[in-house]
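**Student:** For reference, the structure I am asking about is given below.
Number of protein chains: 2
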Amino acid sequence: MDMATLGELERSVMDLLWDSAEALTAGDIRDGLARGDAAGTGKDLAVTTVLTVLSRLEAKNFVTRDRDTRPHLFHASTSRAAHMAELMHEVLGAAPDREAVLARFVGQVSPSEVAALRRMLDGK
Amino acid sequence: MDMATLGELERSVMDLLWDSAEALTAGDIRDGLARGDAAGTGKDLAVTTVLTVLSRLEAKNFVTRDRDTRPHLFHASTSRAAHMAELMHEVLGAAPDREAVLARFVGQVSPSEVAALRRMLDGK
DNA sequence: CATTGATTTCTACGTCATGTAAAATATGGA
DNA sequence: TCCATATTTTACATGACGTAGAAATCAATG
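Set out below in structure tokens:
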């Protein structure tokens, strides 16, 4: 059950999907990448490249594809926050000394985030 | 400044080093791996293989090597907890919506760990 | 229904990280 | 000096990813 990791481009594509409320077409993504919307340095890629990446992301269950519309529509299957949180849990889960890790982790959280954490814990 | 990631074998080697109080020789590690001490499924590797991996880990600054003794002595340059915590921060840092991620993260922490977290936050 | 332009799928290749280890070299004693 | 042991070099296979051309498919339209 371990989370597949993402490459640079794959990550950029996910960022575009995550940052967009609606589903996007391969073309939309291609343009977003060209425009440099996501961190991915304004690369000018072929649409087939984007489609290949999208297929791989689909295989990894990171995106879902709507095949009923003509330019297929793609959307992230998980929110970025959920994904990131899961990644963090995965790291934590790989350690035998979980509490020690948590301690270190908390030790380096910024003050404002410490406050946020307190609130979160209280509201549980 | 991004943390290099570790492969399967590299990770097993680090686990052995992390689990050992003292520094180890390549032979020690080879044996530990053969014995199946670390998660690494009891692989029977050549010592040169282990040395190659150790060199790579050294390049990645995960281990330090003592060249003054004959069989060189290797030891982890960071504790596992510190490494894991750093990884977690790296994931968190890659998200624009840090608090959202933290919220999700906390949402899935076990009760006992929630308590631990509270204590940690209090003692700050 | 045949044609064509758009879209998707297949196929392919380069590169890089990693696992793996033999060959070559260095080193420290006998 | 010579040997046994340890380290460094060199090498190759594999798999993930970036990248995209070629081939196949599909939807509209004449």
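Chains G and P supply the protein sequences, listed in that same order.
Convert by adding 88 to the 1-based position in the first sequence; the result is the number in the working numbering.
Convert by adding 88 to the 1-based position in the second sequence; the result is the number in the working numbering.
Beta carbons are placed, not taken as given, at the ideal position from N, Cα and C, and that holds for glycine.
As the structure is a prediction and not an experimental result, all values here were calculated from the model.
1. Alpha carbons only, please: which of G:V135, G:S167 and G:D156 is nearest the one belonging to F150 of chain G?
2. Report all residues from its chain with a CB closer than 8 Å to the CB of A122 of chain P; omit the five preceding and five following residues, and keep chain order.
3. Counting Cβ pairs closer than 8 Å, one from the stretch 153 to 164 of chain G and one from the stretch 168 to 175 of chain P, do we hit at least three?
4. Look at the alpha carbon of E201 of chain G and the alpha carbon of S100 of chain G, and state the distance between them as a whole number of angstroms.
5. DSSP has L161 of chain P in a bridge; who is on the other side?
6. Give me the subset of the stretch 162 to 178 of chain P whose CB atoms are less than 7 Å from a CB atom of chain G, sorted by chain position.
7. Buried or exposed: where does D116 of chain P fall if 16 or more other Cβ atoms within 10 Å of its Cβ makes it buried?
8. Can you tell me the Cβ-Cβ gap for M91 of chain G and L175 of chain G, rounded? I've got them flagged as a contact below 8 Å.
9. Does the Cβ-Cβ distance between E110 of chain G and H160 of chain G come in under 9 Å?
10. Bridge partners of L112 of chain P, per DSSP?
11. Run down chain G in chain order and give the residues with a C-beta less than 8 Å from the C-beta of D116 of chain P.
12. Which residues bound the alpha helix (DSSP H) around T136 of chain G?
13. Do V194 of chain G and V179 of chain G have their beta-carbon atoms positioned less than 9 Å apart in this structure?
14. Quick check on the burial criterion: 16 or more other C-beta atoms within 10 angstroms. Buried or exposed for R192 of chain G?
15. What would DSSP say about G130 of chain G, mapped onto helix, strand or coil?
16. Considering V197 of chain G, what are the terminal residues of the alpha helix (DSSP H) in which it resides?
17. Return the first residue and the last residue of the alpha helix (DSSP H) that G181 of chain P is part of.
18. Looking only at its chain, what residues have a beta carbon closer than 8 Å to the beta carbon of R186 of chain G, apart from the 5 residues adjacent to it on each side?
19. Going by alpha carbons, who is nearest to A182 of chain G out of P:A147, P:T113, P:A126 and P:A114?
20. Tell me, to the nearest whole angstrom, how far the beta carbon of P135 of chain G is from that of R118 of chain G; I am working on the premise that it is less than 8 Å.
21. Given that L209 of chain G touches chain P, what residues does it touch there, using C-beta distances under 7 Å?
22. For L105 of chain P and E98 of chain P, what's the separation of their Cα atoms in angstroms?
23. Which first and last residues belong to the alpha helix (DSSP H) in which M102 of chain P is found?
24. Show which residues of chain G have a CB atom less than 7 Å away from the CB atom of V189 of chain P.
25. Take L205 of chain P and list the residues in its own chain whose beta-carbon comes closer than 7 Å to its own, dropping the five residues that flank it on each side.
**Tutor:** Let me lay it out:
1. Stepping through the first sequence from its first residue, residue 150 of chain G is reached at position 62. Cα-wise, what sits closest to F150 of chain G is G:S167.
2. In the second sequence, residue 122 of chain P corresponds to position 34, counting from 1. Around A122 of chain P, the same chain offers G130, K131, D132 and L133 as residues with beta carbons nearer than 8 Å, after the five sequence neighbours per side are excluded.
3. no
4. Counted from its first residue, the first sequence places residue 201 of chain G at position 113. Counted from its first residue, the first sequence places residue 100 of chain G at position 12. C-alpha separation (whole angstroms): 26 Å.
5. Here residue 161 of chain P is taken as the residue at index 73 of the second sequence, counted from 1. Answer by DSSP bridge pairing, in chain order: P:D154.
6. Answer set for the stretch 162 to 178 of chain P: R168, A169, A170, M172, A173, L175, M176 and H177.
7. To locate residue 116 of chain P, count along the second sequence from 1; it is residue 28. The residue in question, D116 of chain P, is buried, as its Cβ has 16 or more Cβ neighbours within 10 Å.
8. Against the first sequence, residue 91 of chain G aligns to sequence position 3. Against the first sequence, residue 175 of chain G aligns to sequence position 87. Their Cβ separation, rounded to whole angstroms, is 6 Å, which keeps M91 of chain G and L175 of chain G in contact under 8 Å.
9. The count along the first sequence starts at 1 and reaches residue 110 of chain G at position 22. The count along the first sequence starts at 1 and reaches residue 160 of chain G at position 72. Against a cut-off of 9 Å, the Cβ pair of H160 of chain G and E110 of chain G comes out as no contact.
10. As a working note, residue 112 of chain P is residue 24 in the second sequence. According to DSSP, L112 of chain P shares a beta bridge with P:F162.
11. Sequence index remark: in the second sequence, residue 116 of chain P carries index 28 (1-based). Going along chain G, no residue has its Cβ under 8 Å from D116 of chain P, so there is no contact; the nearest lies around 20 Å.
12. Position 48 of the first sequence, counted from the first residue, corresponds to residue 136 of chain G. That run of the alpha helix (DSSP H) goes V135 to A147.
13. Mapped onto the first sequence, residue 179 of chain G falls at position 91. Mapped onto the first sequence, residue 194 of chain G falls at position 106. No, the pair does not count as a contact, with Cβ atoms beyond the cut-off.
14. Position 104 of the first sequence, counting from 1, holds the residue named residue 192 of chain G. Classification for R192 of chain G: buried.
15. Along the first sequence, read from residue 1 onward, the residue named residue 130 of chain G stands at position 42. It is coil, neither helix nor strand.
16. Sequence index remark: in the first sequence, residue 197 of chain G carries index 109 (1-based). V197 of chain G -> no alpha helix (DSSP H), and no H or E assigned at all.
17. To locate residue 181 of chain P, count along the second sequence from 1; it is residue 93. G181 of chain P -> alpha helix (DSSP H) spans R168 to G181.
18. Walking along the first sequence from the start, residue 186 of chain G turns up at place 98. These residues qualify, in order along the chain: L180.
19. Walking along the first sequence from the start, residue 182 of chain G turns up at place 94. When each option's Cα is compared against that of A182 of chain G, the closest is P:A126.
20. The residue given as residue 135 of chain G occupies position 47 in the first sequence. The residue given as residue 118 of chain G occupies position 30 in the first sequence. For clarity, residue 135 of chain G is Val in the given sequence; the question names Pro instead. With 8 Å as the limit, V135 of chain G and R118 of chain G qualify as a contact, their Cβ atoms being about 5 Å apart.
21. The count along the first sequence starts at 1 and reaches residue 209 of chain G at position 121. Neighbours of L209 of chain G on chain P, chain order: V194, V202, L205 and R206.
22. Within the second sequence, residue 105 of chain P is the residue found at index 17, counting from 1. Within the second sequence, residue 98 of chain P is the residue found at index 10, counting from 1. Whole-angstrom Cα-Cα distance: 11 Å.
23. The residue you call residue 102 of chain P lines up with position 14 of the second sequence. According to the DSSP assignment, M102 of chain P belongs to the alpha helix (DSSP H) that extends over E96 to D107.
24. Here residue 189 of chain P refers to the residue found at position 101 of the second sequence. Under the 7 Å cutoff, chain G gives A169, M172 and A173.
25. The residue you call residue 205 of chain P lines up with position 117 of the second sequence. Within the same chain, L205 of chain P has close Cβ partners V197.
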